[in-house]
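Those protein sequence lines, which keep their order, are chains A and B.
In terms of our numbering, the first sequence is residues 257 to 487.
In terms of our numbering, the second sequence is residues 13 to 368.
Worksheet: one structure, shown below.
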Amino acid sequence: MPSNRATVLVVEDEPEIRRFLRAALGVEGYRVVESATGRRGCIDAGTHKPDLAIVDLALPDLDGVDVIRRIREWSPMPIIVLSARTQERAKIEALDAGADDYVMKPFGVGELLARVRAALRHAVRPASGVPQLRFGGAIIDLEHRRATRAGEDVHLTPIEFRLLATLAKHAGMVVTHRELLTQVWGPTHAADTHYLRIYMKQLRDKLERDPVRPAHLVTETGVGYRLVADQ
Amino acid sequence: MRGRPQLVGYAWSIGAAAVATLAGIAMQPRFDVVNIAMVYLLAVVIVALRYTRGAAIAAAILSVATFDYLFVPPRGTFSVGDLQYLLTFAIMLAVALIVSRLVESVRRQAATQASLAIEAETERIRSALLASISHDLRTPLAVMAGASSSLAESGDRLDPAERQALAASIFRQVRDLSDQVAKVLQMTRLETGAMRIERDWTSLGEIVESVLARLRERLASHRVIVELPDDLPLVRIDATLVEQALGNLLENCAKHTPPDTVVRIRVQRRAGDVVVTVEDYAGGLSDADFARLFAKFHHGTAEGAGGGVGLGLAICRAIVRLHDGQAWAERIPGGGTAFRFTLPLEPAPAMPQEIG
Numbered sequence: 257m258p259s260n261r262a263t264v265l266v267v268e269d270e271p272e273i274r275r276f277l278r279a280a281l282g283v284e285g286y287r288v289v290e291s292a293t294g295r296r297g298c299i300d301a302g303t304h305k306p307d308l309a310i311v312d313l314a315l316p317d318l319d320g321v322d323v324i325r326r327i328r329e330w331s332p333m334p335i336i337v338l339s340a341r342t343q344e345r346a347k348i349e350a351l352d353a354g355a356d357d358y359v360m361k362p363f364g365v366g367e368l369l370a371r372v373r374a375a376l377r378h379a380v381r382p383a384s385g386v387p388q389l390r391f392g393g394a395i396i397d398l399e400h401r402r403a404t405r406a407g408e409d410v411h412l413t414p415i416e417f418r419l420l421a422t423l424a425k426h427a428g429m430v431v432t433h434r435e436l437l438t439q440v441w442g443p444t445h446a447a448d449t450h451y452l453r454i455y456m457k458q459l460r461d462k463l464e465r466d467p468v469r470p471a472h473l474v475t476e477t478g479v480g481y482r483l484v485a486d487q
Numbered sequence: 013m014r015g016r017p018q019l020v021g022y023a024w025s026i027g028a029a030a031v032a033t034l035a036g037i038a039m040q041p042r043f044d045v046v047n048i049a050m051v052y053l054l055a056v057v058i059v060a061l062r063y064t065r066g067a068a069i070a071a072a073i074l075s076v077a078t079f080d081y082l083f084v085p086p087r088g089t090f091s092v093g094d095l096q097y098l099l100t101f102a103i104m105l106a107v108a109l110i111v112s113r114l115v116e117s118v119r120r121q122a123a124t125q126a127s128l129a130i131e132a133e134t135e136r137i138r139s140a141l142l143a144s145i146s147h148d149l150r151t152p153l154a155v156m157a158g159a160s161s162s163l164a165e166s167g168d169r170l171d172p173a174e175r176q177a178l179a180a181s182i183f184r185q186v187r188d189l190s191d192q193v194a195k196v197l198q199m200t201r202l203e204t205g206a207m208r209i210e211r212d213w214t215s216l217g218e219i220v221e222s223v224l225a226r227l228r229e230r231l232a233s234h235r236v237i238v239e240l241p242d243d244l245p246l247v248r249i250d251a252t253l254v255e256q257a258l259g260n261l262l263e264n265c266a267k268h269t270p271p272d273t274v275v276r277i278r279v280q281r282r283a284g285d286v287v288v289t290v291e292d293y294a295g296g297l298s299d300a301d302f303a304r305l306f307a308k309f310h311h312g313t314a315e316g317a318g319g320g321v322g323l324g325l326a327i328c329r330a331i332v333r334l335h336d337g338q339a340w341a342e343r344i345p346g347g348g349t350a351f352r353f354t355l356p357l358e359p360a361p362a363m364p365q366e367i368g
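Given below as structure tokens:
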């Protein structure tokens with residue numbers, strides 16, 4: 257029934273988890289390709305050319321992070337990682353290795369499907385060229401470096417614009433601290449997390465309706481930030 | 013790991029013999045040779061006390077050799093003129109062996125006692141966790157078994173609304189259960205010292221934001237007030253862990269106060285630290301209930317029934333302690349409970365000024 261039948265590759269060794277993923281993704285109209293091992297997943301990614309991959313981090317043969325690295329060698333396809341709570345480090349490693357987003361096990365399918373949609377949207381319309389960003393009454397013109405909130409001009413510094421632009425490039429998806437710091441301040445500042453804390457607060461104070469409970473410049477504790485923009 | 017301390021012991025036996033020799037040379041003009049032997053004996057005893065038996069024997073042999081060569085007539089040779097010096101040698105060796113043997117047995121006893129204590133502690137934690145598991149997990153498991161088997165066996169005869177309600181209830185229970193299991197694992201890791209904390213500069217405002225987002229549903233029926241000073245300094249903490257600590261306090265409020273209760277999250281800066289407070293104005297807690305909660309929070313134990321509560325508070329406390337902070341509970345005059353914890357402040361890191 258859906259016109260746009262995107263193919264989703266699921267690399268997951270647990271058959272019961274593949275079963276409900278198949279059901280949930282199928283109902284949404286996606287074509288599902290399943291791989292039970294990391295090696296198989298790397299091969300299937302090449303032969304089936306999926307539009308998106310869902311990769312479990314704990315695979316029996318290959319590390320999920322290795323699967324991501326191998327896919328990233330030749331493909332920019334969006335990759336969503338399934339991670340357990342005890343895999344904090346591996347999760348961040350996976351994101352830094354090129355995964356676009358993550359879902360923590362156990363998860364509800366609603367959450368996963370929302371991530372899948374955001375990632376596919378991003379892939380179809382790479383946000384690098386998006387000139388305008390809108391969320392919660394704020395409108396930001398990234399090209400001409402102008403911002404308004406509730407119709408009033410807001411002054412943003414060059415770094416604030418750059419930070420916002422980096423988040424906007426991955427709108428709807430998580431961006432790690434390392435990625436943001438590298439993109440905005442350069443690789444020598446990849447560990448200076450305090451820069452981010454201070455600039456994110458400034459951005460929220462200027463752009464969020466309630467900076468204490470931001471709805472759009474969202475913190476992912478221990479991982480990074482996520483920009484939730486209007487669609 | 014074992015090789016290095018042993019080498020250190022031998023190095024010390026050489027050092028001790030050398031020091032004794034220097035002392036002996038200094039003493040020689042004014043003291044009897046027997047007293048110089050005493051200095052060597054002291055050197056041997058010190059090495060035997062601190063290092064292995066091998067090192068002690070080495071010290072004894074070295075001491076005997078240098079003593080003999082330098083001080084026992086005829087000097088400058090290893091031959092012994094007087095028979096009584098042979099006795100000196102024998103005593104020196106015997107002292108080295110006896111002292112090192114005594115030290116070894118004391119060390120072994122201490123190690124046995126320490127491992128016994130660890131075993132007892134592990135056993136205590138295990139039984140406390142088991143108690144909390146069996147208490148808190150039974151109901152959700154029963155609900156899930158019942159609801160899912162209804163769906164699997166007679167799903168086609170149930171009307172859609174009923175089916176959906178059963179499925180939703182399974183999902184809810186699973187989420188709670190998985191939280192509970194995560195807490196048990198967390199507590200085990202915290203109490204056995206297997207937890208590594210990764211500190212980084214963190215904004216407590218963001219911690220509050222992310223906790224409130226995570227617990228949105230659970231706190232929906234409560235009235236949450238946030239008080240954050242605008243100029244709050246950054247803290248160097250493990251954000252994931254402190255987020256859990258604060259989350260556990262809020263969950264505790266959500267679980268144990270009636271709907272519409274005002275819950276206030278407050279962060280205050282003090283001279284050397286920040287204080288994070290979760291207050292509720294439920295006022296309904298009896299003295300006995302408060303005493304129980306208080307004890308769990310203060311002693312950090314997960315003992316007793318209703319482990320969910322105890323566990324959450326105990327985890328909070330353990331996390332705060334890992335950060336060199338303090339955690340405590342207070343009654344609020346006029347009715348209510350305040351849970352507080354502190355996090356130490358460190359000098360703020362440098363931040364380049366942007367002209368814009």
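Just so it is clear, CB atoms sit at the ideal spot from N, CA and C, and this is done for glycine as well.
Since this is a predicted model, take the numbers as computed values, not measurements.
With C-beta atoms as the reference, is residue 281/A less than 7 angstroms away from residue 289/A?
One thing to note: residue 281/A has its Cβ no nearer than 7 angstroms to the Cβ of residue 289/A.
Enclosing alpha helix (DSSP H) for residue 441/A [first to last residue]:
Looking at the DSSP string, the run of the alpha helix (DSSP H) that includes residue 441/A is 433 to 441.
Beta-bridge partners of residue 475/A, as assigned by DSSP:
Residue 475/A is bridged to 481/A.
Contact list for residue 291/B against chain C, beta-carbon separation under 7 angstroms
The question asks about chain C, but that chain is absent: this structure's protein chains are A and B.
Mind checking the region 202 to 222 of chain B against chain A and listing, in chain order, the residues whose C-beta falls within less than 9 angstroms of any C-beta there?
The region 202 to 222 of chain B vs chain A, Cβ under 9 angstroms: 210, 212, 213, 214, 215, 217, 218, 219, 220, 221, 222.
So which of 283/A, 274/A, 474/A has the shortest CA-CA distance to residue 261/A?
Closest by alpha carbon: 283/A.
Residues that DSSP places opposite residue 341/B in a beta bridge
BP columns for residue 341/B point to 351/B.
For the beta strand (DSSP E) holding residue 402/A, just list the boundary residues, first then last.
Per DSSP, residue 402/A belongs to the beta strand (DSSP E) from 402 to 405.
Strictly by DSSP, which residues pair up with residue 214/B?
Partner(s): 247/B.
Does DSSP put residue 398/A in a helix, a strand or coil?
Looking at residue 398/A - three-state DSSP - the assignment turns out to be coil, as it is neither helix nor strand.
Cβ atoms of residue 108/B and residue 68/B: under 7 angstroms apart, would you say?
Yes, Cβ-Cβ distance for residue 68/B and residue 108/B is below 7 angstroms.
Beta strand (DSSP E) segments (min. 3 residues) lying fully within the region 268 to 341 of chain A
As for any beta strand (DSSP E) of minimum length 3 sitting wholly inside the region 268 to 341 of chain A, the runs are 287 to 291, 308 to 312, 335 to 339, ordered along the chain.
Along chain B, in chain order, which residues have C-beta atoms closer than 7 angstroms to that of residue 511/A?
Residue 511/A falls outside the range modelled here, since chain A spans only 257 to 487, and no answer is possible.
Enumerate in chain order the residues of its own chain whose CB-to-CB distance from residue 222/B is below 8 angstroms, with the five nearest sequence positions on each side excluded.
The answer, listed in chain order, is 255.
Since residue 344/A sits in a beta bridge, which residues does DSSP pair it with?
DSSP links residue 344/A through a beta bridge to no other residue.
For the region 352 to 363 of chain B, which residues have a CB atom closer than 7 angstroms to at least one CB atom of chain A, in sequence order?
Within the region 352 to 363 of chain B, the residues whose Cβ lies closer than 7 angstroms to some Cβ of chain A are 361, 363, listed in chain order.
Give me the chain B residues within the contact set of residue 364/A, using Cβ-Cβ distance strictly less than 7 angstroms, ordered along the chain.
Neighbours of residue 364/A in chain B, taken as residues at a C-beta separation under 7 angstroms, are given in chain order as 183.
Excluding the 5 residues preceding and the 5 following residue 302/A in the sequence, name in chain order all residues of the same chain whose CB lies nearer than 6 angstroms to its CB.
Here residue 302/A has no same chain residue with a Cβ atom under 6 angstroms from its own Cβ, once five neighbours each way along the sequence are excluded.
Who pairs with residue 356/B in a beta bridge, going by DSSP?
Its beta-bridge partners are 285/B.
Looking at C-alpha atoms only, which residue of 353/A, 411/A, 315/A is the closest neighbour of residue 329/A?
Check the Cα spacing between residue 329/A and each of 353/A, 411/A, 315/A: the tightest is with 353/A.
Expected contact under 8 angstroms - CB spacing of residue 289/B and residue 352/B to nearest Å
Residue 289/B to residue 352/B, Cβ: 5 angstroms. Contact.
Should the region 394 to 402 of chain A be called in touch with the region 352 to 366 of chain A, which here means at least 3 C-beta pairs below 8 angstroms?
These segments do not touch.
Following the continuous alpha helix (DSSP H) through residue 54/B, name the residue where it begins and the one where it ends.
Looking at the DSSP string, the run of the alpha helix (DSSP H) that includes residue 54/B is 45 to 62.
Would you mind sorting residue 299/B into buried or exposed? The rule is 16 or more other CB atoms within 10 Å of its CB.
Exposed, because fewer than 16 other Cβ atoms sit within 10 Å of the Cβ of residue 299/B.
Tell me, please, which residues DSSP counts as bridged to residue 360/A.
Answer by DSSP bridge pairing, in chain order: 339/A.
Where does residue 263/A fall in DSSP's three states?
Three-state DSSP puts residue 263/A in a strand.
Hey, would you say residue 213/B sits closer than 7 angstroms to residue 450/A, going by beta carbons?
Closer than 7 angstroms, so yes.
Per DSSP, residue 388/A forms a beta bridge with which residues?
Residue pairing for residue 388/A: DSSP places it in a beta bridge opposite 397/A.
Please report whether the beta-carbon of residue 190/B lies at a distance below 7 angstroms from any beta-carbon of chain A.
By the rule that beta-carbons nearer than 7 angstroms mark a contact, residue 190/B touches chain A.
How would you list, in chain order, the residues of chain B whose beta-carbon sits under 7 angstroms from the beta-carbon of residue 450/A?
Against chain B, a Cβ distance below 7 angstroms from residue 450/A picks out 213, 246, 361, 363.
For the region 205 to 219 of chain B against the region 239 to 246 of chain B, do three or more pairs of beta-carbon atoms, one drawn from each stretch, fall closer than 8 angstroms, so that the two count as touching?
These segments touch.
According to DSSP, which residues form a beta bridge with residue 237/B?
Residue 237/B pairs with 276/B.
So with Cβ pairs under 7 angstroms, would you call residue 366/B a contact of chain A?
By this cut-off, residue 366/B is an interface position.
Identify the contact partners of residue 263/A in chain B, using a Cβ-Cβ distance below 7 angstroms as the criterion.
Ordered by position in chain B, no residue passes the 7 angstroms Cβ test against residue 263/A, which lies about 28 angstroms from the chain.
For chain B, check one thing: does any of its Cβ atoms lie closer than 7 angstroms to the Cβ of residue 413/A?
For residue 413/A, the nearest CB of chain B lies under 7 angstroms from its own CB, placing it at the interface with that chain.
Name the chain A residues that come within less than 8 angstroms of residue 252/B, Cβ to Cβ?
Neighbours of residue 252/B on chain A, chain order: 344, 477, 478.
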